[in-house]
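The UniProt record's numbering numbers the first residue of the sequence shown as 1 and each following residue consecutively. Comments concern the structure below.
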Amino acid sequence: MLEQKITFLGAGNMAEALIKGLLRAGNARPESIIATGRRGERLETLQRTYGVRITQDNLAAVREADVVVLSVKPQALDKVLVQVASAVDPHKLIISVAAGVPIAAMERRLGAGARIIRTMPNTPSLVGMGACALSPGEHASEEDLAVATRIFQSVGTTTVVDENLLDAVTGLSGSGPAYIFLIIEALSDAGVKVGLPRYTALKLAAQTVLGSAQLLIETGAHPGQLKDQVTSPGGTAIAGLHTLEAGGLRTTLINAVEAATRRARELGEQFLEKS
């Protein structure tokens, strides 16, 4: 059980996922969590569903907190940081989920001694199956990192990386769910084309992706080894794989991750210029 008071600045999907995960895992009590946001009806829904405290006063919520989770959209973060900077002191841990915003940019608003941990979670956190990378700033302690890790382990798996790798994380696991959803949709379309009902095709495609990922994680086997287990000489899978290779699927996915990484880096540079 985390004893710290946690404030979420921003009450969107990621904030709700973390609140839900913390409470479900028994890592926090509802009364120790404050959620802020602009939409009163959204805050009331969170309060009614999870029993957490709510307010539209960001400054007051930060003053009361031990841990502040910056869960607003990146384009709104600069304004929020300016708004709450006077309430941030060296005793508070700041955790950011804003994609592309460097720690240095946040330090410029909050002060060079701010204890900041930058993170990159992804949307499967909404169902407790997220992947999150964490990068501590210069002034964050091992204890701070342990607190942040515990928060995000409430909604999935975590890994610690240097900050200069977070843009790559954004390109891979941060943006990755979009790639996987596209693949599932395409597999479902293919199933319909060869005669399956839409619901059946979508159900089979989604479960195939889920099960394949779980098999890889639990066995620890190389994906190439697991692929070879499916492909028999002259069989159906190798015929399909040949088509995928001819279509450049592998190269296209690599290019997608590279493009998303490059865009995340550009957004970070733009934020630094603005701050």
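The beta-carbon is built from N, C-alpha and C at its ideal position, and this holds for glycine as well. Note that the coordinates shown come from a computational prediction; the quantities given were computed from them, not determined experimentally.
So, with DSSP's three-state summary, where would you put L204?
In the sequence shown, counting from the first residue as 1, residue 204 sits at position 204. Three-state result, L204: helix.
May I ask you to report which of helix, strand or coil DSSP gives M106?
By 1-based counting over the sequence shown, the position of residue 106 is 106. Of the three classes helix, strand and coil, the one that applies to M106 here is helix, per DSSP.
Grab the span of the alpha helix (DSSP H) containing S96 for me, first residue to last.
What you label residue 96 is simply residue 96 of the sequence shown in a count that begins at 1. Run containing S96: none in the alpha helix (DSSP H); it sits in the beta strand (DSSP E), L93 to S96.
Just the Cα atoms here: how many angstroms apart are residue 276 and L249?
Since the first and last residues shown for the chain are 1 and 275, residue 276 lies out of range.
Rounding to the nearest angstrom, what Cα-Cα distance links I34 and V52 in this structure?
Here residue 34 is taken as the residue at index 34 of the sequence shown, counted from 1. Here residue 52 is taken as the residue at index 52 of the sequence shown, counted from 1. Cα to Cα, the separation comes out at about 6 Å.
Sub-8 Å separation of L18 and V67 beta-carbons:
On the sequence shown, position 18 is the one that residue 18 refers to. On the sequence shown, position 67 is the one that residue 67 refers to. No, they are not a contact pair.
In chain order, what residues of the same chain lie with their CB nearer than 8 Å to the CB of P177, ignoring the 5 residues before and after it?
Here residue 177 is taken as the residue at index 177 of the sequence shown, counted from 1. Taken in chain order, the residues that qualify are N122, T123 and P124.
Given this structure, state the Cα-to-Cα distance separating G171 from A99, to the nearest angstrom.
Translated into positions along the sequence shown, residue 171 becomes position 171. Translated into positions along the sequence shown, residue 99 becomes position 99. Their Cα atoms are separated by approximately 10 Å.
Residues near E107 in its chain [Cβ-Cβ closer than 6 Å; skip 5 each side]:
Looking up residue 107 in the sequence shown gives position 107. Around E107: A114.
Three or more C-beta pairs under 8 Å: does that hold for the stretch 215-223 against the stretch 191-200?
No: fewer than three Cβ pairs fall under 8 Å.
State the start and end residues of the unbroken beta strand (DSSP E) segment that holds R115.
Mapped onto the sequence shown, residue 115 falls at position 115. From DSSP, the beta strand (DSSP E) with R115 extends over R115 to M120.
Neighbour-count burial assignment, I254, 16 or more Cβ in a 10 Å radius:
As a first step, residue 254 must be located in the sequence shown, where it is residue number 254. That one is exposed.
Our contact map puts D89 next to K274 with C-beta atoms below 8 Å; I'd like the distance itself, whole angstroms only.
Numbered from its first residue, the sequence shown carries residue 89 at position 89. Numbered from its first residue, the sequence shown carries residue 274 at position 274. Taking a contact as a CB-CB distance under 8 Å, the pair D89 and K274 does not count as one, their CB atoms being some 25 Å apart.
My understanding is that T7 touches A65, with C-beta atoms under 8 Å, so please give their C-beta distance in whole angstroms.
Against the sequence shown, residue 7 aligns to sequence position 7. Against the sequence shown, residue 65 aligns to sequence position 65. Rounded, the Cβ-Cβ distance is 4 Å, consistent with contact.
Taking buried to mean at least 16 other C-beta atoms within 10 Å of its own C-beta, is R118 buried or exposed?
Stepping through the sequence shown from its first residue, residue 118 is reached at position 118. The residue is buried, with at least 16 neighbouring Cβ atoms inside 10 Å.
Do you know whose CA, among Q4, M120 and E269, lies nearest S32's CA?
Here residue 32 is taken as the residue at index 32 of the sequence shown, counted from 1. The option with the nearest alpha carbon to S32 is Q4.
Should K73 go down as buried or exposed, given a rule of 16 or more other Cβ atoms within 10 Å for buried?
Looking up residue 73 in the sequence shown gives position 73. Around the beta carbon of K73, a 10 Å sphere encloses fewer than 16 other beta carbons of the protein chains shown; the residue is thus reported as exposed.
Rounding to the nearest angstrom, what Cα-Cα distance links residue 276 and H242 in this structure?
The question about residue 276 has no answer here: the residues shown for the chain are numbered 1 through 275.
By Cβ distance below 7 Å, which residues in the same chain neighbour A259 in space, the five residues on each side in sequence not counted?
Residue 259 sits at position 259 when you count from the first residue of the sequence shown. Hits under 7 Å: none found.
Would you check if there are 3 or more beta carbon pairs closer than 8 Å linking the stretch 157-165 to the stretch 132-139?
The stretch 157-165, when compared against the stretch 132-139, does touch it at the 8 Å Cβ threshold.
Could you have a look at R29 and say whether DSSP puts it in helix, strand or coil?
Mapped onto the sequence shown, residue 29 falls at position 29. Correct three-state label for R29: coil.
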